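The structure appears right after this line, and notes come after that.
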Amino acid sequence: MNKEEIESARKAGEIVKKIKKEAIIWIKQGMPLIELAEKIETQIVKLGGKPAFPVNLGINEYAAHYTPSHDDKTIAYGLLKVDFGVQINGYVVDNAFSIDLDNSSKNKKLIETSELALENAIESVKNNETLGEIGTKIQKTASDAGFSAIQNLSGHEISQWELHSSLTIPNYNNNSTIKLDDGIYAIEPFITAGEGKVYDGKDSGIYELKKSGSVRDSNAREILKYIIDEYNSLPFCSRWLVKKFGTRALVSLNFLESAGLLHQFTHLVEKSKSPVAQSEATIIINKGEVEILT
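In this note's numbering, the protein residues as written are 645 to 938.
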């Protein structure tokens, strides 16, 4: 691993830790999700980083890919997952935590289990265990508490400008004998009392660039250039573009998606509509040594 990668990732990790410590205190039931997302994103920039992707705020059965739209009226309640990342020079760290806003003993147990599953998985990495063994630790932690780990969501390797790089880190025993080499990795157990699978819901307003190309519409061309210059291949959202260009950006996004230049993610929803808790940390392995960045 090169010096720039390590130093950038560590700096991004420090920003994540500071914001997480503060956010846990000021996130309250009834707070508008758009206010929450923009407060975190603004703070990332103030501290010297850039958002690696739009802040994801999943309530209850929404496991991933929910970010507020520009006119979102949703308020925080229930079992809320706060998933955000920071990038510096394209080097990304990813992180998530869950908060119970309903004073629910079941929600609290789900959160505690996801946090323990994350701890056990990181310990497994430190012991140089295989991906299958890491997944087994997560799965067993969930089942010992009477819950399930969501099997079709996973952790992931992170490369420069690539949030989800080549390797995936399972939340169950997939029998893989691969061991993690030097690199940056996000480990993220999702724990539920439900079926342990997610399905694709509605469009999320979160996009990523699939390829460069041209479109006839001049507004769409302008916005495409901005996307390439500002976000490279990292995810972004319609809310950010509406803030920059106004609501005409929504029409341009439709043009670009229809032209096959953008991919839009869907909400990921637990199949049985059971609440989901998520805990996530980014680690760096350098010369075999494991360091927790977030």
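Glycine included, C-beta positions come from ideal geometry on N, C-alpha and C.
These figures come from a predicted structure and were not determined experimentally.
Do the region 797 to 804 and the region 732 to 744 make contact, defined as three or more Cβ pairs closer than 8 Å?
yes
Which value, in whole angstroms, describes the spacing of the CA atoms of Tyr-829 and Gly-799?
Mapped onto the sequence shown, residue 829 falls at position 185. Mapped onto the sequence shown, residue 799 falls at position 155. When rounded, the distance between both Cα atoms is 7 Å.
Run the CB neighbour count on Tyr-944, radius 10 Å, all protein chains shown included, and call it buried at 16 or more, exposed below.
Lying before the first or after the last residue shown, residue 944 is absent from the chain, which here runs from 645 to 938.
Which partner residues does Leu-723 have in the DSSP bridge list?
As a first step, residue 723 must be located in the sequence shown, where it is residue number 79. In DSSP, Leu-723 forms a bridge with Asp-744.
Could you tell me whether the Cβ atoms of Ile-688 and Ile-659 are closer together than 8 Å?
Numbered from its first residue, the sequence shown carries residue 688 at position 44. Numbered from its first residue, the sequence shown carries residue 659 at position 15. Taking 8 Å as the Cβ cut-off, Ile-688 and Ile-659 qualify as a contacting pair.
How close, in whole Å, do the beta carbons of Ile-743 and Leu-762 come, if the pair is a contact with beta carbons under 8 Å?
Counting from one through the sequence shown, the residue named residue 743 turns up at place 99. Counting from one through the sequence shown, the residue named residue 762 turns up at place 118. Rounded to whole angstroms, the Cβ separation of Ile-743 and Leu-762 is 15 Å, and the two are not in contact under 8 Å.
Rounding to the nearest angstrom, what Cα-Cα distance links Lys-917 and Ile-766 in this structure?
Working through the sequence shown from its first residue, we reach residue 917 at position 273. Working through the sequence shown from its first residue, we reach residue 766 at position 122. Lys-917 and Ile-766 have their alpha carbons spaced roughly 29 Å apart.
Thinking C-alpha only, which one of Gly-722, Pro-676 and Gly-693 is nearest Thr-711?
Working through the sequence shown from its first residue, we reach residue 711 at position 67. The candidate whose alpha carbon is nearest that of Thr-711 is Pro-676.
Pairs of beta-carbons, one from the region 846 to 855 and one from the region 810 to 828, closer than 8 Å: are there three or more?
no
Quick one: what's got a C-beta closer than 8 Å to Leu-937's C-beta in the same chain, skipping five residues either side?
The residue given as residue 937 occupies position 293 in the sequence shown. For Leu-937, where only same-chain residues beyond five positions count, the Cβ hits under 8 Å are Ala-653, Arg-654, Ala-656, Gly-657, Val-660, Val-737, Ile-828, Ala-925, Thr-926, Ile-927 and Ile-928.
Whether or not the region 748 to 759 and the region 866 to 884 are in contact is what I'm after, with contact meaning three or more pairs of Cβ atoms, one per stretch, closer than 8 Å; do they touch?
no
Give the list of continuous beta strand (DSSP E) stretches no shorter than 3 residues that lie fully inside the region 770 to 857.
799 to 802, 827 to 831, 834 to 836 and 842 to 853
Per DSSP, what kind of secondary structure is Val-895 in: helix, strand or coil?
Here residue 895 refers to the residue found at position 251 when the sequence shown is read from its first residue. Three-state result, Val-895: helix.
If you draw a straight line from the C-alpha of Ala-942 to the C-alpha of Glu-852, how long is it?
Given that the chain is displayed from residue 645 to residue 938, the structure contains no residue 942 and the question cannot be resolved.
Given a cut-off of 8 Å on the beta-carbon distance, is the pair Leu-878 and Pro-814 in contact?
Within the sequence shown, the letter at position 234 stands for residue 878. Within the sequence shown, the letter at position 170 stands for residue 814. No, the Cβ-Cβ distance between Leu-878 and Pro-814 is not below 8 Å.
Where do the ends of the alpha helix (DSSP H) carrying Gly-657 lie?
Counting from one through the sequence shown, the residue named residue 657 turns up at place 13. Segment 647 to 670, the alpha helix (DSSP H) holding Gly-657.
From the DSSP output, in three-state form, read off Thr-938 for me.
Along the sequence shown, one-based indexing puts residue 938 at 294. The answer is coil: DSSP assigns Thr-938 none of H, G, I, E or B.
Using alpha carbons as the reference points, say which of Tyr-721, Glu-685, Lys-672 and Glu-648 lies closest to Arg-883.
On the sequence shown, position 239 is the one that residue 883 refers to. Comparing Cα-Cα distances from Arg-883 to each of Tyr-721, Glu-685, Lys-672 and Glu-648, the minimum goes to Glu-685.
Tell me where the beta strand (DSSP E) around Thr-926 begins and ends.
Looking up residue 926 in the sequence shown gives position 282. Note, Thr-926: beta strand (DSSP E), 925 to 930.
At what residues does the beta strand (DSSP E) containing Val-913 begin and finish?
Locating residue 913 in the sequence shown gives position 269, counting from the first residue. Per DSSP, Val-913 belongs to the beta strand (DSSP E) from 906 to 914.
Does the structure place the region 774 to 791 close enough to the region 752 to 759 that three or more beta carbon pairs sit under 8 Å?
yes
Are there 16 or more other CB atoms within 10 angstroms of the CB of Ser-858, so buried, or fewer, so exposed?
As a position in the sequence shown, residue 858 is number 214, starting the count at 1. Exposed: under 16 other Cβ atoms inside 10 Å.
Express the C-alpha separation of Ile-831 and His-907 in angstroms, rounding to a whole number.
Indexing the sequence shown from 1 puts residue 907 at position 263. Indexing the sequence shown from 1 puts residue 831 at position 187. Each residue's Cα considered, the two are about 24 Å apart.
Determine which residues share a DSSP beta bridge with Phe-880 and list them.
Mapped onto the sequence shown, residue 880 falls at position 236. Looking at the DSSP output, Phe-880 bridges to Tyr-851.
Which of the three DSSP states, helix, strand or coil, is assigned to Tyr-735?
Against the sequence shown, residue 735 aligns to sequence position 91. Here Tyr-735 sits in strand by DSSP.
Here's the rule: buried if 16 or more other CB atoms are within 10 angstroms of the residue's CB, otherwise exposed. What is Thr-891?
Stepping through the sequence shown from its first residue, residue 891 is reached at position 247. Answer is exposed; the Cβ neighbour count stays below 16.
Return the CA-CA distance between Asp-703 and Phe-728, expressed in angstroms with no decimal places.
Position 59 of the sequence shown, counted from the first residue, corresponds to residue 703. Position 84 of the sequence shown, counted from the first residue, corresponds to residue 728. Note on residue identity: the sequence assigns Ile, not Asp, to residue 703. Going by the C-alpha atoms only, they are around 15 Å apart.
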